[in-house]
Structures are given as structure tokens and as C-alpha cells.
Amino acid sequence: MHRGNRHGRSEEARLAVLQAADDLLVEHGFARLTVEAIAQKAGVAKQTIYRWWPSKTDILLDAFLTDAAEELAPPDTGDLAADVRAHLTAVARFLTESDAGAVFRALTAESLHDPRLATRLRAEHLTAQRARDRLPLERAVARGDLPAGTDLDILVDRLVGPLYYRALVTGEEITADYIAAVSSLWSC
Numbered sequence: 001m002h003r004g005n006r007h008g009r010s011e012e013a014r015l016a017v018l019q020a021a022d023d024l025l026v027e028h029g030f031a032r033l034t035v036e037a038i039a040q041k042a043g044v045a046k047q048t049i050y051r052w053w054p055s056k057t058d059i060l061l062d063a064f065l066t067d068a069a070e071e072l073a074p075p076d077t078g079d080l081a082a083d084v085r086a087h088l089t090a091v092a093r094f095l096t097e098s099d100a101g102a103v104f105r106a107l108t109a110e111s112l113h114d115p116r117l118a119t120r121l122r123a124e125h126l127t128a129q130r131a132r133d134r135l136p137l138e139r140a141v142a143r144g145d146l147p148a149g150t151d152l153d154i155l156v157d158r159l160v161g162p163l164y165y166r167a168l169v170t171g172e173e174i175t176a177d178y179i180a181a182v183s184s185l186w187s188c
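Throughout the sequence shown, residue numbering follows full-length UniProt numbering, covering 1 to 188 in sequence.
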């Protein structure tokens, strides 16, 4: 058994921990995920992890926030319909097919029992994600494709809300036809 941190104190070690947490969550689920297993898979000492994160939930949240920032930035093609459709497709894939989506679903479930996590998830992810979700609409307002008085918050809810509902509540598939129907809501 390896003791210590084969990566040293580095960004490489941090990323190894985040990747290990993602992988192990997908393999074993939230309840069976342990800091010990994360440390072993990442090749770092358990003490190293506890220096950087107080719990497995904090590791998962950090991993998720990193993934979301990288994978959920909406495109800017100059065409509102194309941008909305592409963004909704990326969000749907992220929520239902990616390891990060599995982490998000686990964190969301855990947040129902952990008020501190719920607060952090809202503050650290949902606020940033809402800003990303608004970008195609803000660009459309700036180009004159949407009226200046459009309530973008309601429009964002109408566009991404159905995806989260299917991913987190009903478990129904999010098909290309469904995304096309939802993405057409921007023009309503």
C-alpha cells in the first residue's frame, strides 16, 4: 500500500483527487464513496485530502464545479435558436450522461438532507450556472433578436427547467425532439 502523496503538493494531485472522486462515485455511488478510497485511487495520503477538503461532499462539489464551468459554457453563433438548442443539448448530456452529471445528481440528493450543502450548491453552482444559461438570451437582447424588456429569468426557467425536471425528478429520457420542443420556447 502506498503511503504519502506521489504527486507532491500540486495541482496535479488536486486534479487526481477530483478525478478519483468522480470515478468512484460513478462506480460505487455516494453512500459507498469514502475519503480512504479516493486517497488510494488518487495516490495521495488521506491527510492530504483532509488538508484541502473537510469531507467527501466538499471534494465532490469541487469536482462538479470544475466540470460545470468547463462543460456548460454556451456557444455564441449569433443565432439565438441555434445557440439555445446547442446549449440545451449540452446541459441535457451533462445532466444525464456525464460523470459530472452523476455527481450533480448525488449532490442534489444529499443536499435534501444537508442544509449547508444545499446553501453551497445554490451559491457556488446554481448562481454561476444561471449566469451561463442567460448568456445566449443576453446576447440576443444585445443584437435586438429579443425585446429589451424580456424577463430573462423566467425564460431561463422555461428553457432549462424541463431538463432538470426530467433528469432529477421523472428520469424520462431527454431526446433531441424534446430539446427541439423546449428550445422553441424562447420565441413564445
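Where is the CB? At the ideal position from N, CA and C, for every residue including glycine.
For this session: Starting from the C-beta of Asp-76, find all residues in its chain whose C-beta is less than 8 Å away, skip the five residues before and the five after it, and write them out in chain order.
Result: The count along the sequence shown starts at 1 and reaches residue 76 at position 76. Contacts found: Asp-83, Leu-135, Pro-136, Arg-139.
Problem set entry | Beta-carbon spacing of Ala-69, Leu-163 below 7 Å | The residue labelled residue 69 in the question sits at position 69 within the sequence shown. The residue labelled residue 163 in the question sits at position 163 within the sequence shown. Cβ distance not < 7 Å, so Ala-69 and Leu-163 don't count as in contact.
Problem set entry | Alpha carbon of Ala-73 to alpha carbon of Val-26, nearest angstrom | For this step, residue 73 is matched to residue 73 along the sequence shown. For this step, residue 26 is matched to residue 26 along the sequence shown. Computed Cα separation, rounded: 23 Å.
Exercise. Using DSSP with H/G/I as helix, E/B as strand and the rest coil, what is Pro-162?
Worked result: As a working note, residue 162 is residue 162 in the sequence shown. If DSSP states are grouped into helix, strand and coil, Pro-162 belongs with the helices.
Exercise. Any heavy atom of the ligand ATP closer than 6 Å to the Cβ of Glu-71?
Worked result: Of the ligands one can find in the structure shown there are none, so the ligand ATP has no counterpart to examine.
Exercise. Any idea what DSSP makes of His-113, helix, strand or coil?
Worked result: In the sequence shown, counting from the first residue as 1, residue 113 sits at position 113. In this structure, His-113 counts as coil in the three-state DSSP scheme.
Problem set entry | Cβ distance (whole Å) where Leu-60 is taken to contact Leu-107 below 8 Å | Taking the first residue of the sequence shown as 1, we reach residue 60 at position 60. Taking the first residue of the sequence shown as 1, we reach residue 107 at position 107. The Cβ separation is near 6 Å, so the contact holds.
Exercise. Do the segment 115-131 and the segment 38-47 make contact, defined as three or more Cβ pairs closer than 8 Å?
Worked result: no
Exercise. Who are the near neighbours of Phe-64 in its chain, counting only those whose CB is closer than 8 Å to its CB and skipping five residues on each side?
Worked result: Working through the sequence shown from its first residue, we reach residue 64 at position 64. Here the set comprises Ala-100, Val-103, Phe-104, Leu-107, His-125.
For this session: Could you say which of Ile-154, Glu-71, Ala-176, Ser-10 lies nearest to Arg-51 if we only look at CA atoms?
Result: Within the sequence shown, the letter at position 51 stands for residue 51. The shortest C-alpha separation from Arg-51 is found at Ser-10.
For this session: Check the C-beta distance from Leu-159 over to Leu-185 and give it rounded, since I have them as a contact under 8 Å.
Result: As a position in the sequence shown, residue 159 is number 159, starting the count at 1. As a position in the sequence shown, residue 185 is number 185, starting the count at 1. Right, the Cβ-Cβ distance comes to about 6 Å (below 8 Å), so this counts as a contact.
Exercise. Could you give the distance in angstroms between the alpha-carbon of Thr-170 and the alpha-carbon of Leu-152?
Worked result: Locating residue 170 in the sequence shown gives position 170, where the first residue counts as 1. Locating residue 152 in the sequence shown gives position 152, where the first residue counts as 1. About 26 Å.
For this session: Could you name the residues of the same chain whose beta carbon sits closer than 8 Å to that of Leu-117, not counting the 5 residues immediately before and after it, in chain order?
Result: Here residue 117 corresponds to residue number 117 of the sequence shown, with the count starting at 1. Excluding residues within five positions, the ones whose Cβ falls inside 8 Å are Thr-57, Leu-61, Leu-107, Glu-110, Ser-111.
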